[in-house]
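**Student:** Sequences listed follow chains A and B, in order.
So the mapping is simple: this note's numbering equals the position in the first sequence, first residue as 1, plus 40.
So the mapping is simple: this note's numbering equals the position in the second sequence, first residue as 1, plus 9.
Glycine residues also receive a C-beta, built at the ideal position from the N, C-alpha and C atoms.
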Amino acid sequence: MDLSSINPILLIASIMVSATPILFAAIGEMIVEKSGVLNLGVEGMMIVGAVVGFAVAVNSGSPILGFAAAALASALLSMCFGFLTQFLLSNQVATGLGLTLVGLGLSSLIGKPYEGMKSPTLPKLDIPILSDLPVVGQMLFSHDIMVYVSLALVAGVWAFLKYTRGGLILRAVGESHEAAHALGYKVVRIRLMAIFFGGACAGLGGAYLSLVRVPQWTEGMTAGSGWIALAIVVFASWRAGRILVGAYLFGGVTVLQLNLQAAEVAVPVALLSMSPYLITILVLVVISARGAHGAPAALGRPFHATS
Amino acid sequence: MKRRTLLASAAVALGLATAGFAGSHGGPVKAGFIFVGPVGDGGWTYEHNQGRLAVEEHFGDKVETVFQESVPEGADAARAITQMALSGAKIIFTTSFGYMDPTLDVASKFPDVKFEHATGYKRADNVSVYSARFYEGRAIQGHIAGSMTKTNKIGYIASFPIPEVIRGINSAYIHAKKVNPDVEFSIIWAYTWFDPAKEADAARALIENGADVILQHTDSTAPQAAAQEAGNVITFGQASDMGEYGPMPRVSSIIDNWAPYYIDRVQAVMDGTWESTDTWDGIGKGMVGIGEISDAVPEAVKAEALALKDAIASGEYQPFTGPLKKQDGSDWLAEGETADDGTLAGMNFYVEGLTGDIPN
Chain A
41 MDLSSINPIL LIASIMVSAT PILFAAIGEM IVEKSGVLNL GVEGMMIVGA
91 VVGFAVAVNS GSPILGFAAA ALASALLSMC FGFLTQFLLS NQVATGLGLT
141 LVGLGLSSLI GKPYEGMKSP TLPKLDIPIL SDLPVVGQML FSHDIMVYVS
191 LALVAGVWAF LKYTRGGLIL RAVGESHEAA HALGYKVVRI RLMAIFFGGA
241 CAGLGGAYLS LVRVPQWTEG MTAGSGWIAL AIVVFASWRA GRILVGAYLF
291 GGVTVLQLNL QAAEVAVPVA LLSMSPYLIT ILVLVVISAR GAHGAPAALG
341 RPFHATS
Chain B
10 MKRRTLLASA AVALGLATAG FAGSHGGPVK AGFIFVGPVG DGGWTYEHNQ
60 GRLAVEEHFG DKVETVFQES VPEGADAARA ITQMALSGAK IIFTTSFGYM
110 DPTLDVASKF PDVKFEHATG YKRADNVSVY SARFYEGRAI QGHIAGSMTK
160 TNKIGYIASF PIPEVIRGIN SAYIHAKKVN PDVEFSIIWA YTWFDPAKEA
210 DAARALIENG ADVILQHTDS TAPQAAAQEA GNVITFGQAS DMGEYGPMPR
260 VSSIIDNWAP YYIDRVQAVM DGTWESTDTW DGIGKGMVGI GEISDAVPEA
310 VKAEALALKD AIASGEYQPF TGPLKKQDGS DWLAEGETAD DGTLAGMNFY
360 VEGLTGDIPN
């Protein structure tokens, strides 16, 4: 056992990288669920984002362009879900699962020529003054831009839901679509916008996986992180701040347990292996134990204006 | 609703008719494959799929292959295997250790279908087992790794604590230690065969802990990418050549070559000569290949590695040759004694010098 071999600066930096894909996907899905729609296709949208982002980054040489394309592609894919569930009133659970299957298949089709290729990586930012600070500089201020984008997104979503009229409308639609409809809000349009946003976020998460965290394209590379994101939304009781806590805890404990194994800490490996799931659930359940934490009342219920 | 039922029953009827027809009229033999990851993983499943494609190419119209990828190990596998047997497959290859019990369960219900389980040890009248002696390749990796490490710390990404993985760790360690007595192994159990993000994280954790060689027993190329990013770290291709990561970080590889075996077995089904067998071949028979050793490896080390490969191929040298002790210090093999296949197949202990415990 040699804990000194773990470098806390590098550890925190890895944790931030490891948590970012899930954070993107989860914050997007939270908005979707806040509007009363349950989209179980996060995994499928993520992997499409991963492959499209990778392909565009390789072909254009610009990772930023890759991220933009990934967001767009996943958002378009989510519009299929939106069309089916909002206009044709298909079952949201089944359609979401279908979306995952479509995404996995589509991504392996698109990704075939890109296996084993290398992508241009996103440069690490060099923020004047902040990056030069001892310890904290390397730990917190020397990441690529997308890490900060994800954090800004969480803050933005939080402020949007709490302080803006738009946020209030979104929540109203998610709590009672009949009431929102009676007040004259376009329920379907608002939900479609939420689904679009959720898709774009999942796409960014996927692209972060293939362009920064791994970085390469491998078929099936999301390997279940979309489902983790979905679970985090529920355990975080649909609160932006708690989603940040959940994603960082999950990413953090995942990386930490690997580091502890590498440092040969005398804790049973089986325990370490399940610790990310265990700790994330425990902590989120404990912090959600107090106060209101119900799901949006209209979550998963189809809406039709004439009914 | 009605139309859907009609369509479904028509599809079922058609399926039954074709299956019956193929069975009774000597149509193409259907060979099924169950894969643990996607065929594009660039490693383990990729090579099994190459074997499948070789079967198709070899037999042409006489064979039809079907496969299902990313089948979870455990109870879910039984469903996938049953489905494949029901769809008329005459021989089914289940290509991961965790399919062992599901394969036997399903096999007992389909006595006329032949099953082939990779890397397991349980057989039945219609279940063969086959595996490759990957540990022979690991010996060569260990030799190169031990010779090339500067930090004397070698990182090992292990998947599940099963004999096959433990053999690999022991074999690599023994041969690294031989050329470099100061070498240390740090081992991470990822508890997955395929999860690129986790594999990359594991590689990074090992590198941050001072390792400058990464060995992997997981299926994707993610650790290669992570090592490349870190620079100055060497890796080895696992199951497949992973040559796109050469000459650095990937300096060599273990390549699984299943094609000849798959062709043999499908041929045996066609001829009606199929029998339950236990196959365990290595470098000598060509089931394990050693990928080209890149220029990043010093000439002398490369020559030694190739000599080691030849000695193993000819059977002149066995990677587990005494004197060897177990981790707890008890004697295992006396001077010159070699391990028998039974012990190797069930290996559940580390050799002396490795630290840490094997998880249960």
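Kindly list the residues whose CB is nearer than 7 Å to the CB of D340/B, restricted to its own chain and excluding five residues on each side of it in sequence; keep chain order.
**Tutor:** If we look at D340/B and ignore the five residues flanking it on each side, its Cβ neighbours are K334.
**Student:** Which word fits G224/A, buried or exposed, when buried means at least 16 other C-beta atoms lie within 10 angstroms of its C-beta?
**Tutor:** Flag for G224/A reads exposed.
**Student:** Beta-carbon within less than 6 Å of T288/B's beta-carbon, same chain only, minus the 5 sequence neighbours each way: which residues are those?
**Tutor:** So the list reads Y139, once near-sequence residues are dropped.
**Student:** Would a C-beta distance cut-off of 9 Å place G51/B and S229/B closer than the cut-off?
**Tutor:** Taking 9 Å as the Cβ cut-off, G51/B and S229/B qualify as a contacting pair.
**Student:** Using 9 Å as the threshold, is the C-beta distance between L117/A and V88/A below it?
**Tutor:** Going by C-beta atoms, L117/A is nearer than 9 Å to V88/A.
**Student:** Output yes or no for whether 9 Å exceeds the beta carbon distance between M85/A and G238/A.
**Tutor:** Yes, the Cβ-Cβ distance between M85/A and G238/A is below 9 Å.
**Student:** In the DSSP output, what is V254/A paired with across the bridge?
**Tutor:** For V254/A, which the question treats as bridged, DSSP gives no partner whatsoever.
**Student:** Which bits of chain A does G49/B rub up against, with CB to CB less than 8 Å?
**Tutor:** In chain order: S148, G151, K152, E155, T258, E259 and G260.
**Student:** Could you give the first and the last residue of the continuous alpha helix (DSSP H) run that contains F68/B?
**Tutor:** That run of the alpha helix (DSSP H) goes W53 to F68.
**Student:** Out of G107/B, T91/B, S105/B and G129/B, which has the shortest C-alpha to C-alpha gap to A116/B?
**Tutor:** When each option's Cα is compared against that of A116/B, the closest is T91/B.
**Student:** Rank P308/A, A263/A, V98/A and A66/A by C-alpha distance to the C-alpha of N369/B and give the top, closest one.
**Tutor:** Looking at the Cα atoms, P308/A is the closest of the given residues.
**Student:** In chain A, which residues lie with their C-beta within 7 Å of the C-beta of T74/B?
**Tutor:** Near T74/B there are no residues of chain A at all, since even the closest Cβ is about 18 Å away, more than 7 Å.
**Student:** For F124/B, tell me which candidate among K99/B, Y144/B and S105/B has the shortest Cα-Cα distance.
**Tutor:** Among K99/B, Y144/B and S105/B, the Cα nearest to that of F124/B belongs to K99/B.
**Student:** What did DSSP end up calling S54/A once you bin it into helix, strand or coil?
**Tutor:** Helix at S54/A.
**Student:** If you measure from the beta carbon of Q237/B to each beta carbon in chain A, is any gap under 9 Å?
**Tutor:** Taking Cβ atoms only, chain A reaches closer than 9 Å to Q237/B, which makes this a yes.
**Student:** Which residues in chain B sit within 7 Å of V295/A, going by Cβ to Cβ distance?
**Tutor:** Those within 7 Å of V295/A in chain B are D210 and A214.
**Student:** For M186/A, count neighbouring Cβ atoms within 10 angstroms of its own Cβ and tell me buried if that reaches 16, exposed if not.
**Tutor:** It is buried - the Cβ of M186/A has at least 16 other Cβ atoms within 10 Å.
**Student:** Could you tell me which whole alpha helix (DSSP H) segments of length 4 or greater appear in the region 142-170 of chain A?
**Tutor:** If we require 4 residues or more, the region 142-170 of chain A turns out to have no alpha helix (DSSP H) run fully inside it.
**Student:** Taking only runs that begin and end inside the region 161-187 of chain B, name each unbroken beta strand (DSSP E) of 3 or more residues, in chain order.
**Tutor:** You should have 162-167.
**Student:** Mind checking whether H67/B and A127/B have CB atoms under 9 Å apart?
**Tutor:** No, the Cβ-Cβ distance between H67/B and A127/B is not below 9 Å.
**Student:** Looking at chain B, is there any beta carbon in it that lies within less than 9 Å of the beta carbon of T135/A?
**Tutor:** Closer than 9 Å: no.
**Student:** My output table needs one value for V45/B: the three-state DSSP class, helix, strand or coil.
**Tutor:** Looking at V45/B - three-state DSSP - the assignment turns out to be coil, as it is neither helix nor strand.
**Student:** Tell me where the alpha helix (DSSP H) around K207/B begins and ends.
**Tutor:** From DSSP, the alpha helix (DSSP H) with K207/B extends over P205 to E217.
**Student:** Cα-Cα, which of A329/A, V273/A and P153/A is closest to A66/A?
**Tutor:** Selected option, being the one with the closest Cα: V273/A.
**Student:** Just the chain A side, please: which residues come within less than 8 Å of A204/B by C-beta, in chain order?
**Tutor:** Note that residue 204/B is Asp in the sequence shown here, rather than Ala. Here the neighbours are A263 and G264.
**Student:** At least one CB of chain B closer than 9 Å to the CB of V273/A: is that the case?
**Tutor:** Not one chain B Cβ lies under 9 Å of V273/A.
**Student:** Q178/A touches chain B at which residues, Cβ-Cβ below 8 Å?
**Tutor:** Within 8 Å Cβ-Cβ: nothing; Q178/A doesn't reach chain B, min ~13 Å.
**Student:** If you draw a straight line from the alpha carbon of G32/B to that of F102/B, how long is it in whole angstroms?
**Tutor:** For G32/B, the predicted model reports a pLDDT of 43, less than 50, meaning its position is unreliable and no value from the coordinates is stated.
**Student:** Given a cut-off of 9 Å, decide if G345/B and E361/B are closer than it, judged by their beta-carbon atoms.
**Tutor:** In this structure, G345/B does not lie closer than 9 Å to E361/B by Cβ.
**Student:** Can you say whether R282/A is buried or exposed, counting buried as having 16 or more other CB atoms within 10 angstroms of its CB?
**Tutor:** Buried is the call here.
**Student:** In the structure shown, what three-state DSSP assignment does D319/B receive?
**Tutor:** Helix, per DSSP.
**Student:** Should T320/A and F290/A be called a contact, given that it needs their Cβ atoms to be closer than 9 Å?
**Tutor:** Going by C-beta atoms, T320/A is nearer than 9 Å to F290/A.
**Student:** What is the C-beta distance between I149/B and A314/B, in whole angstroms, given that I count them as a contact (C-beta under 8 Å)?
**Tutor:** Yes, they are in contact, since the Cβ atoms of I149/B and A314/B sit about 5 Å apart, within 8 Å.
**Student:** Give me the chain A residues within the contact set of Y200/B, using Cβ-Cβ distance strictly less than 9 Å, ordered along the chain.
**Tutor:** Under the 9 Å cutoff, chain A gives V309, A310, S313 and M314.
**Student:** From F358/B to F200/A, what distance separates their C-alpha atoms?
**Tutor:** Each residue's Cα considered, the two are about 57 Å apart.
**Student:** Measure the C-alpha to C-alpha separation of K152/A and E78/B and round it to an integer number of angstroms.
**Tutor:** Their backbone Cα atoms lie some 15 Å apart in a straight line.
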